[in-house]
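*Asks:*
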Amino acid sequence: MTVRFTVLGPVELSVARQPLPGTAPRHRAVLAYLLLHSGTVLGAEQLIEAMWGPTPPETARAQIHAAIAAVRRVLRAAGEGELLVTRPAGYVIRPRPGQLDLAEFTEEVTAARALPDPAAAAARIRKALSLWRGRPLADVRADYAAGERARLEERRLAAFEHLTDLELGLGRHEQLVDELTARVAAHPLRERLSGQLMLALYRAGRQSDALAVARALRRALAEQQGLDPGRTFVALEAAVLSDDPALLAPADAPPPGLGPQPPPRQANFLPYDTPDFTGRAAELEHLLSGRSGAGEAVTVSVIDGMAGIGKTTLAVHAGHRLAERYPDGQLFVDLQAHTPGQVPTDAGTALGVLLRQLGTAGERLPASATERAALWRAELAGRRVLVVLDNAAGTEHIRPLLPGATSSLLLITSRRRLTGLDGAARLSLDLLPAADALELFGRIVGTRVDEEPLAALDILHLCGFLPLAVRIAAARLSHRPQWSAAHVADRLRDQRRRLAELSTSERGVAAAFALSYQQLDPAQQRLFRLLGLHPGHDVDARAAGALAGIAPERAECLLEELLDAHMLRQHAADRYSFHDLLRQYAHATAHAQDSPAARRAALTRLFDHYVTTALAAVARLFPDGGQDAAPKPSRDAGALPPGDVREAAAWLETERANLVAAGAHMADHDWPAGAGRLAAALHRYLYDRGFHADAAALGEQALRVSLLTGDRVAQGRTLTDLAWLLWRRGACEQAVRHAARAAELGHRTGDRLGEAKARDCLGHLFLRRQDQDRAHRSFLTALRLFRDARDLRGEARGRTGLGLVLEGLGHYEAAQGHHRRALELYRELGDRGGEAVALVGLGAVHGRQGRLGTAHGLVLRAVRVQRSLGNRGYETEALNALGETALALGEAGQAAEQHRAALALADEVGFRPEQARAFEGLARAHDALGRPDLARGYARRARSLSRSSSRSVPAVGAGEVPRAAEVAGERR
Numbered sequence: 001m002t003v004r005f006t007v008l009g010p011v012e013l014s015v016a017r018q019p020l021p022g023t024a025p026r027h028r029a030v031l032a033y034l035l036l037h038s039g040t041v042l043g044a045e046q047l048i049e050a051m052w053g054p055t056p057p058e059t060a061r062a063q064i065h066a067a068i069a070a071v072r073r074v075l076r077a078a079g080e081g082e083l084l085v086t087r088p089a090g091y092v093i094r095p096r097p098g099q100l101d102l103a104e105f106t107e108e109v110t111a112a113r114a115l116p117d118p119a120a121a122a123a124r125i126r127k128a129l130s131l132w133r134g135r136p137l138a139d140v141r142a143d144y145a146a147g148e149r150a151r152l153e154e155r156r157l158a159a160f161e162h163l164t165d166l167e168l169g170l171g172r173h174e175q176l177v178d179e180l181t182a183r184v185a186a187h188p189l190r191e192r193l194s195g196q197l198m199l200a201l202y203r204a205g206r207q208s209d210a211l212a213v214a215r216a217l218r219r220a221l222a223e224q225q226g227l228d229p230g231r232t233f234v235a236l237e238a239a240v241l242s243d244d245p246a247l248l249a250p251a252d253a254p255p256p257g258l259g260p261q262p263p264p265r266q267a268n269f270l271p272y273d274t275p276d277f278t279g280r281a282a283e284l285e286h287l288l289s290g291r292s293g294a295g296e297a298v299t300v301s302v303i304d305g306m307a308g309i310g311k312t313t314l315a316v317h318a319g320h321r322l323a324e325r326y327p328d329g330q331l332f333v334d335l336q337a338h339t340p341g342q343v344p345t346d347a348g349t350a351l352g353v354l355l356r357q358l359g360t361a362g363e364r365l366p367a368s369a370t371e372r373a374a375l376w377r378a379e380l381a382g383r384r385v386l387v388v389l390d391n392a393a394g395t396e397h398i399r400p401l402l403p404g405a406t407s408s409l410l411l412i413t414s415r416r417r418l419t420g421l422d423g424a425a426r427l428s429l430d431l432l433p434a435a436d437a438l439e440l441f442g443r444i445v446g447t448r449v450d451e452e453p454l455a456a457l458d459i460l461h462l463c464g465f466l467p468l469a470v471r472i473a474a475a476r477l478s479h480r481p482q483w484s485a486a487h488v489a490d491r492l493r494d495q496r497r498r499l500a501e502l503s504t505s506e507r508g509v510a511a512a513f514a515l516s517y518q519q520l521d522p523a524q525q526r527l528f529r530l531l532g533l534h535p536g537h538d539v540d541a542r543a544a545g546a547l548a549g550i551a552p553e554r555a556e557c558l559l560e561e562l563l564d565a566h567m568l569r570q571h572a573a574d575r576y577s578f579h580d581l582l583r584q585y586a587h588a589t590a591h592a593q594d595s596p597a598a599r600r601a602a603l604t605r606l607f608d609h610y611v612t613t614a615l616a617a618v619a620r621l622f623p624d625g626g627q628d629a630a631p632k633p634s635r636d637a638g639a640l641p642p643g644d645v646r647e648a649a650a651w652l653e654t655e656r657a658n659l660v661a662a663g664a665h666m667a668d669h670d671w672p673a674g675a676g677r678l679a680a681a682l683h684r685y686l687y688d689r690g691f692h693a694d695a696a697a698l699g700e701q702a703l704r705v706s707l708l709t710g711d712r713v714a715q716g717r718t719l720t721d722l723a724w725l726l727w728r729r730g731a732c733e734q735a736v737r738h739a740a741r742a743a744e745l746g747h748r749t750g751d752r753l754g755e756a757k758a759r760d761c762l763g764h765l766f767l768r769r770q771d772q773d774r775a776h777r778s779f780l781t782a783l784r785l786f787r788d789a790r791d792l793r794g795e796a797r798g799r800t801g802l803g804l805v806l807e808g809l810g811h812y813e814a815a816q817g818h819h820r821r822a823l824e825l826y827r828e829l830g831d832r833g834g835e836a837v838a839l840v841g842l843g844a845v846h847g848r849q850g851r852l853g854t855a856h857g858l859v860l861r862a863v864r865v866q867r868s869l870g871n872r873g874y875e876t877e878a879l880n881a882l883g884e885t886a887l888a889l890g891e892a893g894q895a896a897e898q899h900r901a902a903l904a905l906a907d908e909v910g911f912r913p914e915q916a917r918a919f920e921g922l923a924r925a926h927d928a929l930g931r932p933d934l935a936r937g938y939a940r941r942a943r944s945l946s947r948s949s950s951r952s953v954p955a956v957g958a959g960e961v962p963r964a965a966e967v968a969g970e971r972r
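Encoded structure:
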């Protein structure tokens, strides 16, 4: 009997297609892991980790031994007992050829890739794919299964994609459409599959269906990953849209010797090819892999990019590489659209240069540009010529230079995207990758780069990886032996002189930028300058409109025009940013051309927009009234309140870095009111979502401004906000001082609501320090003040605090009453996060009363709510509470899992008290699991953290049952 092993579907041992009995699911999971690593000795510990991950059961080793024994019994019964062998280091299985479907699949695919005959290769891959019987490892539930299953599926897809390429080349597009449609439906984000389906549909005469596939992929990528398709897919989509004949199924090549013979090669007019050309491998491949003169349609490739990005260098280098394919001549003309001191070369002059390069005598040149264009088209007909049109101003600049029916190639470079040039292949150059930039720098500088590698990287970063800047910096270092790389980096760090440093007598970055700026119209120039004043990283159309005092729709048009001129970049849809050096140029230009009053007015409009929209977004996100009322927007703010909760959350997340930067700028440049309003508006969002560093930065700036202006009400409220942040960062004593000062200021200024918030904060801080009496008094005072102010959310907070205190004192019924009333109030307000906090508090009381199942259910609901809201700090608290209830229920393994999740989240948001609590929970859980060494280690870390956050940590093994939720958590 010959045993057959299968993993490309349900895991089975079979003989003559009949499964062999005697193996349970766990046994087959162990067998599958051995088969996936056939020929490799696997120890018991490796198998245990593969089956259960980091939390194996106590019986794990015994279960592994039982599984090995069961598999071995089945193999012996089938006469194949020697296949599974025990070694001193573990176990190894060695199936013979033809026994394992995965090995057979691998062999067939490998053999297919080596075959020169596409039809034979396709047949081998079809045979390999026929071995799959569904989802790999279909019935395996072990910890390793998901990762291995994904890897196997990737191999299956890669084989299918290779098969599809072969069969498309064989003209089998009609037969592939249905199969590809099913694959794309199963993998809607896979660009290569979608591209293959597009090509098959196009060749089947279904152009509109092919474009629908492209739209579906774009929509799926944008919605699920926030991305655009890659260059290859975009190029294919453009070719389908333009009905490019190159996409048609390949025809048989003519017999040798029957094709047209090339005429003698003519002169090469391409400029000098830079010997230190570096990188651009993908871009060069894009240019070199295009049509090389075959076919009647003209090939046009446009290379665009910002000033100094290396367009001409790439075009010339590619031209030299392509020269052999165009034996009738290699022509070049500089159209001088961006040449200092020159006006762009007109079409008639450029045509005269090109015709002379083709060998046309001067007396044959017509006088008019129209007649020259006709002669140009006639001369190129039937020839294979490479033409580089460098430095084009725009589409109309080069349209008269386009030939007619010819097999030539035009490489065009421009600082603008030539969107009006139909049928052209487009290549937009990006900055050099770090490795390529370092290689270029080293080729110019020589071995000195190896002596100071870190300083060299600093220089590249300060140059923004812009090739022109890198070349200039490297040249300055190369020609100054007395300078070091660190010295050059120090000179470049001074932003006021960086652009001046990146210049020589012949060329400079600022000079290149100036030429691009001069070719903008006045409206574009003004917006470009004002964007240089923006303190953040990027803008959308509304922020740009506010900055310029124009409608967002008009701003979007200008932004898109600046983007097409490569004066701006776009890293995400509808977001616009500068290259670092262009930002400095724009900033300097604004200070040179715009008055101080105009610059201040622009920034005031921007800050009004940010503050107004932030208040509206926070109000949408927290509709329970827990923030100040939004002020009326200024006339030029351009604010539009987010339409729903999702839109509000997306706007806040997208603009968060800009808002923090705006707050810092306002605090440092005499916009005190705006700085305070922005900090107050954003505090709850930043605190709840766990962005503590951002909240602290804004809060500290607002506090500094309130001290300078003498605004004691704002000072008190800001101190309360900072107290919460300090406590989460583990600075409990400093937090108490801040909150106490805030309460005092609130009382003195008559700000009863501000005092109530400070007293509520003090109550939670005292509770964390186990000072029940002071916590109780603080919560009672806060509750009275909240009720006097008719602040229902504040009342809910006060009742939550009292519930925690009374629970700790053993007054469970009273505590439960407060938590239930808090839950009612939060529900009335629509505050789901507050509801979750109240649920944790109720869970704590039920746990104290021995109703652990109820407690677990309540806390689990709280975890899910906080997770759905993105409240990472509160989710950390709820996870710790869930771990404590699990331990009380005797589920030590689950408790450890929840505390590990809480610890990871607490580490992420910097929540020190909950880090200590998670370590304490892990110590208790591992103590219960009989792992005293681990338990002691976790306990030591818990005590170390708790010293700074003022939480007591009982000794492990003390025998006490932990509270279901020792601290239900404060609610801001």
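The opening position of the sequence shown corresponds to residue 1 in the UniProt record's numbering, with each subsequent residue numbered one higher. Virtual Cβ for every residue (Gly too), placed ideally from N, Cα, C. It should be emphasised that the depicted structure is a prediction, and the values quoted were computed from it without experimental measurement.
Can you look up H566 in the DSSP assignment and give me helix, strand or coil?
*Replies:* Translated into positions along the sequence shown, residue 566 becomes position 566. Note: H566 maps to coil in three-state DSSP.
*Asks:* From S577, T413, D771 and L427, pick the residue whose C-alpha is nearest to that of E655; which is it?
*Replies:* Position 655 of the sequence shown, counting from 1, holds the residue named residue 655. Closest by alpha carbon: S577.
*Asks:* Below 8 Å on the Cβ atoms is my guess for F441 versus V470; work out the distance and round it to an integer in Å.
*Replies:* In the sequence shown, residue 441 corresponds to position 441, counting from 1. In the sequence shown, residue 470 corresponds to position 470, counting from 1. With 8 Å as the limit, F441 and V470 qualify as a contact, their Cβ atoms being about 6 Å apart.
*Asks:* Expressed to the nearest angstrom, what Euclidean distance is found between the alpha-carbon atoms of L520 and A662?
*Replies:* On the sequence shown, position 520 is the one that residue 520 refers to. On the sequence shown, position 662 is the one that residue 662 refers to. So the two alpha carbons sit approximately 28 Å from each other.
*Asks:* Grouping DSSP H, G and I as helix and E and B as strand, with all else coil, what is R575?
*Replies:* Translated into positions along the sequence shown, residue 575 becomes position 575. In the structure shown, R575 sits in a strand (DSSP, three-state: E or B).
*Asks:* Would you mind giving the Cβ-Cβ distance between E452 and S408, rounded to the nearest angstrom? I have them listed as a contact below 8 Å.
*Replies:* Here residue 452 refers to the residue found at position 452 when the sequence shown is read from its first residue. Here residue 408 refers to the residue found at position 408 when the sequence shown is read from its first residue. About 47 Å separates the beta carbon of E452 from that of S408, a gap too long to meet the 8 Å contact definition.
*Asks:* Helix, strand or coil for I550, going by three-state DSSP, please let me know.
*Replies:* Residue numbering aside, residue 550 sits at position 550 when the sequence shown is read from its first letter. Here I550 sits in coil by DSSP.
*Asks:* Leaving aside the five residues before and after D304 along the sequence, list all residues of the same chain whose C-beta is less than 6 Å from its C-beta, in chain order.
*Replies:* Sequence index remark: in the sequence shown, residue 304 carries index 304 (1-based). Closer than 6 Å at Cβ, skipping near neighbours: S414, R417 and S428.
*Asks:* Rounded to whole angstroms, what's the CA-CA distance from A892 to A925? Just pull it up for me.
*Replies:* To locate residue 892, count along the sequence shown from 1; it is residue 892. To locate residue 925, count along the sequence shown from 1; it is residue 925. Their backbone Cα atoms lie some 5 Å apart in a straight line.
*Asks:* Using CA atoms only, rank isn't needed, just tell me which of A185, A222, R172 and R219 is closest to L248.
*Replies:* For the purposes of this step, residue 248 is identified with residue 248 of the sequence shown, where counting begins at 1. Closest option to L248, Cα to Cα, is R172.
*Asks:* Considering only heavy atoms of the ligand ZN, does any lie closer than 8 Å to the CB of R784?
*Replies:* This structure lacks the ligand ZN; in fact it carries no ligand of any kind.
*Asks:* Quick one, which of A350, V863 and L13 has its alpha-carbon nearest G81's?
*Replies:* Within the sequence shown, residue 81 is the residue found at index 81, counting from 1. Of A350, V863 and L13, the residue nearest in Cα terms is L13.
*Asks:* Just verifying my parser: in three-state terms, what is the DSSP assignment at F332?
*Replies:* Here residue 332 corresponds to residue number 332 of the sequence shown, with the count starting at 1. Here F332 sits in strand by DSSP.
*Asks:* Between the Cα of V805 and those of T781, G763, R784 and L783, spot the shortest distance and give me the residue it belongs to.
*Replies:* For the purposes of this step, residue 805 is identified with residue 805 of the sequence shown, where counting begins at 1. That would be G763, whose Cα lies nearest to the Cα of V805.
*Asks:* With DSSP as the reference, label D773 as helix, strand or coil.
*Replies:* As a working note, residue 773 is residue 773 in the sequence shown. The answer is helix: DSSP assigns D773 an H, G or I state.
*Asks:* On a CA-only basis, which of E556, A743, V705 and G730 is nearest T720? Give me that one, please.
*Replies:* The count along the sequence shown starts at 1 and reaches residue 720 at position 720. Nearest option by C-alpha distance: A743.
*Asks:* For R635, does the count of other Cβ atoms within 10 angstroms reach 16, so buried, or fall short, so exposed?
*Replies:* The residue you call residue 635 lines up with position 635 of the sequence shown. With a pLDDT of only 42 at R635, under the threshold of 50, the placement of this residue in the model should not be trusted, and no figure is reported.
*Asks:* Give me whichever residues DSSP pairs with S428 in a beta bridge.
*Replies:* For this step, residue 428 is matched to residue 428 along the sequence shown. Its beta-bridge partners are D304.
*Asks:* Judging by CA-CA distance, which residue of A836, G873 and F277 is the nearest neighbour of R864?
*Replies:* Here residue 864 refers to the residue found at position 864 of the sequence shown. Of A836, G873 and F277, the residue nearest in Cα terms is A836.
*Asks:* Between V909 and G710, which are expected to be in contact by the criterion C-beta below 8 Å, what is the C-beta distance as a whole number of angstroms?
*Replies:* Here the question's residue 909 lines up with position 909 in the sequence shown. Here the question's residue 710 lines up with position 710 in the sequence shown. In fact, because the Cβ distance is near 34 Å, the residues do not count as touching under 8 Å.
*Asks:* Sort L559, A323, G348 and R712 by Cα distance to R526 and report the nearest one.
*Replies:* Counting from one through the sequence shown, the residue named residue 526 turns up at place 526. Comparing Cα-Cα distances from R526 to each of L559, A323, G348 and R712, the minimum goes to L559.
*Asks:* Helix, strand or coil for L903, going by three-state DSSP, please let me know.
*Replies:* Translated into positions along the sequence shown, residue 903 becomes position 903. It is helical.
*Asks:* Determine, using beta-carbon pairs with one atom in the segment 575–591 and one in the segment 614–625, whether at least three such pairs fall under 8 Å.
*Replies:* Touching, no.
*Asks:* Which class does N880 belong to by DSSP, given the choice of helix, strand or coil?
*Replies:* Working through the sequence shown from its first residue, we reach residue 880 at position 880. Helix.
*Asks:* Among R777, A838 and I412, which has the Cα closest to the Cα of H819?
*Replies:* What you label residue 819 is simply residue 819 of the sequence shown in a count that begins at 1. Ranking the options by Cα distance to H819, first place goes to A838.
*Asks:* So what does DSSP say about Q357, is it helix, strand or coil?
*Replies:* As a working note, residue 357 is residue 357 in the sequence shown. Reduced to three states, the DSSP call for Q357 is helix.
*Asks:* CA-CA distance, D209 and P245?
*Replies:* Residue numbering aside, residue 209 sits at position 209 when the sequence shown is read from its first letter. Residue numbering aside, residue 245 sits at position 245 when the sequence shown is read from its first letter. Cα to Cα, the separation comes out at about 17 Å.
*Asks:* Under three-state DSSP, which class holds E144?
*Replies:* Position 144 of the sequence shown, counted from the first residue, corresponds to residue 144. Note on identity: in this sequence residue 144 is Tyr, with Glu being the wrong assignment. Y144 falls in the coil class under three-state DSSP.
*Asks:* Could you give the uninterrupted runs of the alpha helix (DSSP H) lying entirely in the segment 356–425, keeping only those of 4 residues or more?
*Replies:* If only complete runs of 4 or more residues are kept, the segment 356–425 shows the alpha helix (DSSP H) at 369–380 and 395–398, in order along the chain.
*Asks:* Run the CB neighbour count on P25, radius 10 Å, all protein chains shown included, and call it buried at 16 or more, exposed below.
*Replies:* The residue given as residue 25 occupies position 25 in the sequence shown. So P25 counts as exposed.
*Asks:* Would you give the residue range spanned by the alpha helix (DSSP H) that residue 973 belongs to?
*Replies:* Since the first residue shown for the chain is 1 and the last is 972, residue 973 is missing from the structure and cannot be characterised.
*Asks:* If distances are taken between C-alpha atoms only, which option among E148, A150, G134 and A114 comes closest to H162?
*Replies:* Along the sequence shown, one-based indexing puts residue 162 at 162. In this structure, A114 is the residue among E148, A150, G134 and A114 with its C-alpha nearest to the C-alpha of H162.
*Asks:* Taking G889 and H846 to be in contact with their CB atoms under 8 Å, please state how far apart those CB atoms are, rounded to whole angstroms.
*Replies:* Start at 1 with the first residue of the sequence shown, and residue 889 comes out as number 889. Start at 1 with the first residue of the sequence shown, and residue 846 comes out as number 846. Just to set this straight, residue 889 is Leu in the shown sequence, not Gly. At roughly 12 Å, the Cβ-Cβ gap does not stay under 8 Å, so L889 and H846 are not in contact.
*Asks:* What does S208 pair with, by DSSP beta-bridge criteria?
*Replies:* If you number the sequence shown from 1, residue 208 lands on position 208. S208 pairs with nothing; no bridge assigned.
*Asks:* Three-state secondary structure (DSSP) at Y272?
*Replies:* As a working mapping, residue 272 is identified with position 272 in the sequence shown. Y272: coil per DSSP, three-state reduction.
*Asks:* Keeping to the same chain, check which residues put their C-beta closer than 8 Å to that of R575; ignore five residues upstream and five downstream.
*Replies:* For the purposes of this step, residue 575 is taken as residue 575 along the sequence shown, with counting starting at 1. Closer than 8 Å at Cβ, skipping near neighbours: D538, V539, D540 and T654.
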